[in-house]
Amino acid sequence: MGRRAKNKQGPPEPLENFHNLTEKPSLKKLGKRKAQDPEVKEKRPTKKARESDGSVSKRRSKPTQKEKETEEFIGDLDDLGADGLDIEDDDFLQGPVQELDLGSGDEEEIELAPSKTKGKKSKQHERPLKIIPTGSDDSSNSDEDSEDEDGRITMANMEARSRALDEKAAREAELDAEEMQNAALVGEEDGDLADADDDEDMDGDGDDGQEAFHLPTAEEREEEKASGGPDVHTVQRRMRECVRALGKFKRLAENGRQVLFRDLSASYTHSYYGYNEFLTEKLFQLFPVAEAIEFFEANEVPRPVTIRTNTLRTRRRDLAQALINRGVNLEPIGKWTNVGLQVFESSVPIGATPEYLAGQYMLQAASSFLPVIALAPQPNERVLDMASAPGGKTTHMAALMENTGVVFANDAKKARTKSLTANVHRLGCKNVVVCSYDGREFPKVMGGFDRVLLDAPCSGTGVISKDASVKTNKSERDFALLSHLQKQLILCAIDSVTPDSKTGGYLVYSTCSVTVDENEAVVDYALRKRPNVKLVDTGLEFGRPGYTKYRGKVFNEKVSLTRRFYPHVHNMDGFYVAKFKVEKRIKQKPRDEDEPVAIGVDGEPIAAEDLAFDSEEDKKYMEATQPKRRKGKRSHGPHRSKPVESAPMAAEMAA
Ligand SMILES: C[S@@+](CC[C@H](N)C(=O)[O-])C[C@H]1O[C@@H](n2cnc3c(N)ncnc32)[C@H](O)[C@@H]1O
1 MGRRAKNKQG PPEPLENFHN LTEKPSLKKL GKRKAQDPEV KEKRPTKKAR ESDGSVSKRR
61 SKPTQKEKET EEFIGDLDDL GADGLDIEDD DFLQGPVQEL DLGSGDEEEI ELAPSKTKGK
121 KSKQHERPLK IIPTGSDDSS NSDEDSEDED GRITMANMEA RSRALDEKAA REAELDAEEM
181 QNAALVGEED GDLADADDDE DMDGDGDDGQ EAFHLPTAEE REEEKASGGP DVHTVQRRMR
241 ECVRALGKFK RLAENGRQVL FRDLSASYTH SYYGYNEFLT EKLFQLFPVA EAIEFFEANE
301 VPRPVTIRTN TLRTRRRDLA QALINRGVNL EPIGKWTNVG LQVFESSVPI GATPEYLAGQ
361 YMLQAASSFL PVIALAPQPN ERVLDMASAP GGKTTHMAAL MENTGVVFAN DAKKARTKSL
421 TANVHRLGCK NVVVCSYDGR EFPKVMGGFD RVLLDAPCSG TGVISKDASV KTNKSERDFA
481 LLSHLQKQLI LCAIDSVTPD SKTGGYLVYS TCSVTVDENE AVVDYALRKR PNVKLVDTGL
541 EFGRPGYTKY RGKVFNEKVS LTRRFYPHVH NMDGFYVAKF KVEKRIKQKP RDEDEPVAIG
601 VDGEPIAAED LAFDSEEDKK YMEATQPKRR KGKRSHGPHR SKPVESAPMA AEMAA
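Under full-length UniProt numbering, the residue at position 303 of the sequence shown is numbered 303, and the numbers go up by one with no gaps.
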């Protein structure tokens with residue numbers, strides 16, 4: 001069981017403009033508070049939408065001030081090209097909160113309250129001071145500072161202000177002490193290297209009078225195990241020491257003991273953050289150790305609350321003004337979206353305002369805007385959203401298409417189409433047709449689409465801050481099955497796009513997972529199985545390039561055009577986006593006259609090898625799915641197909 005508790009829910013950090021996003025976090029960040037970034041500080045909401053105590057009544061009692069602030073804010077929106085009539089290419093819906101059935105009481109889920117973890121309960125109280133600061137911590141500090149500097153002190157707020165300052169000073173003193181301690185532990189001087197390399201006695205505390213630290217011997221570990229395991233402080237300190245030692249090993253020649261320390265880090269991380277061993281290992285394979293810890297740490301903090309303006313109903317500036325008037329403290333997300341707003345605090349439930357009920361916005365994670373921005377559906381097109389419930393991205397697409405053309409919003413789980421339909425109605429989307437097929441039945445049931453979005457069912461490793469159950473409930477088999485399902489779906493999605501489209505011919509594949517098996521491996525598979533598709537630039541302004549090499553596997557070099565997003569780097573849910581252009585297939589005759597021929601949407605036969613999952617790589621997945629297949633016959637036609645059970649809630653929530 002993990003001892004790492006959920007973090008206290010401070011105000012989420014703003015989504016920044018992502019400078020230096022490709023930089024890897026430095027090991028020095030571990031154990032040291034990062035210096036405040038003045039640019040970041042400038043971007044924080046200060047006096048604009050944020051009166052010192054944030055109360056609605058205060059805002060209302062000072063209309064002149066409020067008007068001034070609103071004007072200033074609206075000015076900012078204009079700077080960002082926020083005029084609703086100037087819709088460019090981004091939008092939309094999402095999230096666990098979107099999964100509301102009107103009148104079913106789900107609205108509660110949409111309140112501004114910070115994201116709740118649905119898995120284990122928080123044990124924050126058990127956790128000592130934070131040792132590994134993340135970007136979020138850093139930014140929330142600068143946030144507080146800017147508020148202090150810019151907020152006005154009045155008679156009404158003076159007492160609260162003074163209390164807040166005292167608390168802040170105490171907190172900073174605590175952090176300073178911690179920082180000094182950590183700086184000693186990080187031991188930046190090269191002289192410390194010998195300590196790490198000599199024996200297991202890593203005297204990181206040096207001569208500062210603190211107790212020397214050493215990792216336990218095998219016998220000591222056995223003893224500890226027998227007596228219930230080490231306490232959380234010990235685990236935390238050992239984890240830090242292992243990461244520190246690994247940082248040193250990196251600068252030295254490859255050392256057998258590096259493996260030992262890596263394993264130890266993984267083992268301590270596993271017990272500290274509560275991931276199962278399999279997932280801990282998987283994530284350690286994905287990131288350098290220090291970065292893996294940053295990732296784990298970021299997953300303990302909720303992501304910012306964000307909303308997407310529904311441009312079918314309003315303009316962002318008008319929505320922002322209406323919400324500010326209700327006591328909502330918000331600000332545009334960033335230059336990359338002209339419809340997104342980040343909510344910092346609110347005195348009203350953000351999922352139950354009149355504007356929400358009138359369909360003027362969707363509560364939607366910022367990461368969910370990305371695949372729709374990449375797909376960029378155009379007015380009058382025919383578009384398929386292959387796995388669409390609860391409809392965040394569907395409604396975003398409908399708005400970008402200005403309620404013209406048609407969006408087929410499909411989801412295999414019929415029950416989930418209820419919330420999808422409710423959202424479609426609430427947001428006033430008139431160009432959406434809801435249907436429920438297994439995505440693998442496309443293009444047989446329908447084809448000829450200008451654009452297709454496959455926001456695939458996935459493991460949800462990008463949304464652990466929303467659903468901590470992902471830490472423990474995913475096994476190797478789950479990943480294998482999901483990856484196989486994703487491979488099947490992506491081929492069907494490709495075949496559903498018409499290469500003859502005059503305006504489009506694109507597919508976007510996305511997941512809210514960070515694992516390579518569900519992302520690059522699926523994309524690479526599609527490129528191999530469908531020679532008529534190629535990867536193109538996503539058009540997204542930020543995000544790390546997809547892996548082209550991973551643990552001995554070499555993917556198509558164009559996979560670097562795909563984009564990865566991370567909570568610890570971008571302060572948004574972990575996400576992956578790939579964009580394909582679908583071109584005409586090369587004609588192929590069937591090998592055998594008697595062999596049934598599948599016909600593609602262009603009327604041409606599809607080569608048998610293109611349809612089959614017969615490679616060595618697929619065998620194990622096929623075997624793994626055998627028992628399920630035997631249970632029920634595959635069905636055809638509307639509403640008869642069985643939903644795929646492996647689609648996890650976390651993935652659904654990420655929408
Ligand atoms: C990540 S969620 C989609 C979120 C959605 N795109 C949004 O933005 O609101 C994945 C969805 O895939 C659906 N699903 C699972 N297996 C499927 C399949 N074989 N065919 C179609 N949909 C499937 C799940 O029911 C789930 O709603």
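Yeah, the Cβ is synthetic: ideal placement off N, Cα and C, and Gly gets one too.
Bear in mind the structure is a predicted one, so any value in this text is a computation, not a measurement.
Distance from the CA of Y525 to the CA of E583, rounded to the nearest whole angstrom, comes to 17 Å. With 16 or more other Cβ atoms from the protein chains shown falling within 10 Å of its own Cβ, N338 counts as buried. With a threshold of 7 Å, the Cβ atom of M362 does not count as near ligand 1, since no heavy atom of the ligand is closer than that.
Between the region 439-458 and the region 275-289, the count of Cβ pairs shorter than 8 Å is below three; the stretches do not touch.
The DSSP-derived three-state label of F575 is strand.
W336 and A374 have their C-alpha atoms some 12 Å from each other. For D318, the uninterrupted alpha helix (DSSP H) run begins and ends at 316-325, by DSSP. The secondary-structure analysis by DSSP pairs R563 across a beta bridge with P545, V577. If the five residues before and after N299 are omitted, its C-beta is found closer than 7 Å to the C-beta atoms of I464, S465, P567, all from its own chain and listed in chain order. Taking a C-beta distance under 8 Å as the contact criterion, T511 and T538 do not qualify as a contact pair. Taking all protein chains shown into account, G405 has 16 or more neighbouring C-beta atoms within 10 Å of its C-beta and is therefore buried.
Within its own chain, the residues whose Cβ lies closer than 6 Å to the Cβ of R416, once the five positions on either side in sequence are excluded, are A389, listed in chain order. Judged by DSSP in its simplified three-state form, V569 adopts helix. Measuring C-alpha to C-alpha distances from V383 to each of I307, S368, F369, A399 identifies A399 as the nearest. According to DSSP, residue pairing for S510 in a beta bridge involves D455, V577.
When the five nearest sequence neighbours on each side are left out, the beta carbons in the same chain lying within less than 7 Å of the beta carbon of D455 are those of P371, A387, K393, S510, A655, in order along the chain.
Distance from the Cα of D450 is smallest, within the candidate group S271, K430, T498, for T498.
Separation of the CB atoms of N431 and M401 is rounded to 6 Å, and the pair is thereby assigned contact status at 8 Å. In the three-state DSSP reduction, I586 falls in the coil class, being neither helix nor strand. Here the distance from the Cβ of R440 to the nearest heavy atom of ligand 1 is below 7 Å. Beta-bridge partners assigned by DSSP to D537: none are found.
No Cβ-Cβ contact shorter than 8 Å links A365 with R426. In this structure T395 touches N310 by the C-beta definition: roughly 7 Å separates them, less than 8 Å. The Cβ neighbour count for Q486, taken over all protein chains shown within 10 Å, is at least 16; the residue is labelled buried. Taking 8 Å as the cut-off, the Cβ atoms of A493 and V434 do not count as close. In the DSSP annotation of this structure, N473 is not part of any beta strand (DSSP E); the continuous alpha helix (DSSP H) holding it starts and ends at 470-473. When the five nearest sequence neighbours on each side are left out, the beta carbons in the same chain lying within less than 6 Å of the beta carbon of E520 are those of G546, Y547, F555, V559, in order along the chain.
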